[in-house]
Amino acid sequence: MQQTLTLGANGPRVPAVGVGTWQWGDKMYWGFGQSFAEKDVWEAFDESVRAGLTFFDTAEVYGSGRSERFLGEFIHKTHAAVVVGTKFMPFPTRLTGGSLAKALERSLARLSLRTVDLYQMHVPLPPVAIETWMDAMSDVYHTGLIRAVGVSNYSAEQMQRAHEALSRHGLALASNQVKFSLIDREPLENGVLDACRELGITLIAYGPLGKGILSGKYTPDNRPGGMRGRRFTRQIFERITPLLAALREISQSRGKTMAQVALNWCIVKRTLPIPGAKTGAQARENAGALGWSLTEEEVARLDGAP
Ligand SMILES: NC(=O)c1ccc[n+]([C@@H]2O[C@H](COP(=O)([O-])OP(=O)(O)OC[C@H]3O[C@@H](n4cnc5c(N)ncnc54)[C@H](OP(=O)(O)O)[C@@H]3O)[C@@H](O)[C@H]2O)c1
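Next up, the structure:
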């Protein structure tokens, strides 16, 4: 199994597992400042880099900018050679291509960087046309502010449009970041993964641990607090009981954790998982998804588990 990959046709080279940083500074959904704090996210960064996970995914909206600020601070503190992807949110008030350049400037300031390696449209929100945003992406690419263009939450058709619009500027779409895991398999059925393979676009898998549920540590009587816990309903646990049983058995027979098995499944499906890490221990564990591969039988077992 490949340990590194190129984002799209000619984007940056990254490890086959990345690091999600939505958690870093997010109070509302992830409880930053309650169950974990700055010291933990610093350790998540430090342990990731030590373990070779050097691709970090952030966004201008994560923690209202705190995630980008943490990442920038940590990069400067360590001088680590990392690859940074961030995202532009096309709020309905942002109506021109120029708003993208302005938002990018602010992201670069928070990150204390001159260039981001991957700049992604966060969602395909109307009213501005995909082509207008891709023209704006081309402008910031050609002024040297970004190294590659990505999108997120785009359907196969929207991705194709973005790819075509960029090709008119001599660029290729590097990635589409969508929800993908053993409990969120839509990209296998809705044409997104097929289109990615056809067009040479990397599918970046967000939520690859099903927001923690695939690690096996949660039960109907032990759910995380807040908004996330409300999503972990009894019905979901009932639905995924056979899947969790298969994950647990494979994890025990392979001497890997359930989280590592769930991430390895994403890699086997030729996607790039970016598990969110809150702590150094989680980052270290997630890096252990690399360096080995599920067998065909194990993959078939997981595929067959509802
Ligand atoms: N483009 C988009 O629209 C979009 C949307 C969502 C996310 N994302 C990106 O994708 C990243 C990953 O998605 P996600 O964070 O939503 O979900 P995820 O990666 O499936 O779950 C992350 C959570 O799982 C738990 N966890 C992580 N590693 C673990 C381990 N080794 N063992 C046990 N538990 C572990 C942690 O929470 P607890 O310890 O609290 O359980 C962590 O916060 C985000 O950080 C973000 O960068 C993008």
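Numbering-wise (the working numbering), the sequence shown opens with residue 2 and increments by one. For every residue, glycine included, the Cβ atom is placed at its ideal position computed from N, Cα and C.
Taken from the Cβ of residue 43, every heavy atom of ligand 1 lies 7 Å or farther away. A straight line joining the alpha-carbon of residue 66 with that of residue 123 spans about 14 Å. With a threshold of 7 Å, the Cβ atom of residue 178 counts as near ligand 1, since some heavy atom of the ligand is closer than that. In the three-state reduction of the DSSP assignment, residue 188 falls in the helix class, which pools H, G and I. Minimum Cα-Cα distance from residue 134 among the listed residues 177, 255, 32, 101 corresponds to 101. Cβ neighbours of residue 306 within its own chain (closer than 6 Å, five residues either side excluded): 243, 244, 247.
The beta carbon of residue 159 is closer than 7 Å to those of 125, 131 in its chain, skipping five residues each way along the sequence. A distance criterion of 7 Å places the beta-carbon of residue 216 in contact range of ligand 1, judged by its closest non-hydrogen atom. Between the stretch 178-186 and the stretch 195-211, the count of C-beta pairs closer than 8 Å reaches three or more; the two stretches touch. Relative to the non-hydrogen atoms of ligand 1, the Cβ of residue 286 comes within a distance shorter than 7 Å of at least one. Counting only runs that start and end inside the stretch 204-230, there is no beta strand (DSSP E) element of at least 3 residues. Between residue 148 and residue 118, the C-beta spacing is below 8 Å. For residue 12, the closest of 45, 86, 26, 31 by C-alpha to C-alpha distance is 86. The alpha helix (DSSP H) runs of length 4 or more contained entirely in the stretch 273-299 are, from start to end of the chain, 281-288. Considered as a whole, the stretch 233-276 harbours 235-255, 259-269 as its complete alpha helix (DSSP H) runs of no fewer than 4 residues, in chain order. Looking at 108, 99, 26, 216, the one whose alpha-carbon comes closest to that of residue 259 is 216. The beta carbons of residue 108 and residue 61 sit closer together than 8 Å. Shortest gap from the CB of residue 34 to any heavy atom of ligand 1: 7 Å or more. Within the model, the alpha-carbon separation for residue 171 versus residue 199 is close to 18 Å. The beta carbon of residue 104 sits closer than 7 Å to the beta carbons of 61, 89 from its chain, once the five residues preceding and following it are set aside; these are given in chain order. Under the three-pair Cβ rule at 8 Å, the stretch 33-47 counts as touching the stretch 66-76.
About 12 Å separates the Cβ atoms of residue 83 and residue 116, ruling out a contact at the 8 Å cut-off. No heavy atom of ligand 1 is found nearer than 7 Å to the CB of residue 168. With 16 or more other Cβ atoms inside 10 Å of its own Cβ, residue 153 counts as buried. Collapsing the DSSP output to three states places residue 86 in a strand.
Secondary structure at residue 6: strand, using DSSP grouped into helix, strand and coil.
In the three-state reduction of the DSSP assignment, residue 67 falls in the helix class, which pools H, G and I. Following the DSSP letters along the chain, one finds residue 40 inside the alpha helix (DSSP H) bounded by residues 39-51. Listed in chain order, the non-local C-beta contacts of residue 24 below 6 Å within the same chain comprise 31, 277, 279, local neighbours out to five positions each way being set aside. For residue 22, the CB falls within less than 7 Å of some heavy atom of ligand 1. DSSP places residue 174 in the strand class (E or B) of the three-state scheme. In this chain, the alpha helix (DSSP H) harbouring residue 159 covers 157-168.
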